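As C-alpha cells, the structure follows; a few thoughts come after it.
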Amino acid sequence: MATCFCFAQQDSMVVNEYSAGLDYQTMGIDKYNLVGRTYNPNTIQVSTQSISIRMQSSLLEKLWKKKHKFNVADFLATELNAGNKYLSEKPLNGWAGYRFEYGTSLLWRPSTNHQFGMHIILLKFTHTGIMANISGSAIVLRYKYKRMLFEPALESQEQLFFGWVAGLASFKSLSAPLQATLSIKYQHKGTLYGIRASYFSVNNMSFDADHIRTVNNFSVRAFIGICF
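Each residue of the sequence shown is one higher than the last, beginning at 20 in this note's numbering.
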C-alpha cells in the first residue's frame with residue numbers, strides 16, 4: 020500500500036488529495052429515446068467500469084507557513100478515467116472520461132475534528148459517460164469530521180465562472196441548468212472509499228454521444244482507491 024496523501028485528520032486545510040483506484044458508475048433514466056425510437060421508462064441501463072486517478076491540490080496551501088483556523092486558497096483538480104462502457108442494445112466498448120475543476124477555496128477549522136469549507140469552482144469541464152457533459156461552473160460546500168468528508172454541490176451545465184448563480188433563480192432553467200451532487204468520502208489508513216450521487220432534472224438534454232434525450236437523470240459513482 021502506498022503512503023497516504025489524501026486529507027488527514029490533523030491538517031489545517033483539506034484541499035490536497037492524490038489517489039488512484041477502481042470506479043463503477045451507473046445511471047437511471049425516467050424517459051428516453053434512442054435514434055428516434057421511444058421506449059418505456061426504466062428499460063435502459065448505462066454503466067461504466069474504469070480505473071481512475073484524481074489529483075487535487077492548491078499552490079497557496081503549500082505556501083502557508085502556519086496552520087490557521089481560516090484560510091483562503093486556490094483550487095485545482097483533475098480526474099481521469101479509462102475502462103469500459105455498457106449501454107443497453109449496444110455492445111460493450113472502450114471508454115475514457117475526465118473531470119477538470121479550477122476555482123477558490125474558503126476553509127475554516129474551528130477545532131481539530133471539525134472543518135468547514137466552500138469551493139467556488141469558476142471553471143468546470145466533465146465527461147463522465149453517464150450524465151450530460153458539463154462546461155460550466157459549480158459551488159461546493161464541505162464538512163469534514165475526522166476522516167469523513169461530505170461535499171454537497173450545485174453544478175451548472177452551461178455558463179462559465181458564475182453560471183450556478185444564474186441557475187439558482189430557477190433550478191430547471193434551460194439558460195443555466197443545475198445539477199445537484201453529493202460526494203461522501205472516508206479515509207482509512209492508505210485506502211480511500213467514496214460515493215458520488217448526481218441528479219439532473221432538465222428535460223430533453225442530449226446525453227453523451229449516443230443520441231439519447233432524457234428526463235430526470237440520476238447517477239451514482241462508487242470508488243475505492245489507494246492514496247499516495
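From the three backbone atoms N, C-alpha and C, an ideal C-beta is built for every residue, glycine too. Fair warning: this is a prediction, and the values are worked out from it, not measured in the lab.
Going by CA-CA distance only, name the one from Phe242, Tyr37, Asn236 and Phe169 that's closest to Pro270. Any answer about residue 270 is impossible in this case: the structure gives the chain only from 20 up to 247.
Are His133 and Lys163 close, meaning C-beta to C-beta below 9 Å? yes
Inter-residue CB distance, Leu173 and Ala199 (contact presumed, cutoff 8 Å): 6 Å
Let me know the secondary structure DSSP gives Val184 once reduced to three states. helix
Suppose you measure from the CA of Lys143 to the CA of Ile153; what does that come to, to the nearest Å? 7 Å
Kindly indicate which residue of Ser220, Ala241 and Thr123 has the alpha-carbon position closest to the one of Leu160. Thr123
Only counting runs of 3 or more residues, tell me where the beta strand (DSSP E) segments fall wholly within the stretch 112-174, in order along the chain. 112-127, 133-146 and 153-164
Environment of Thr67 [buried if 16+ CB atoms lie within 10 Å]: buried
What is the rounded straight-line gap between the Cα of Asn35 and the Cα of Ser77? 7 Å
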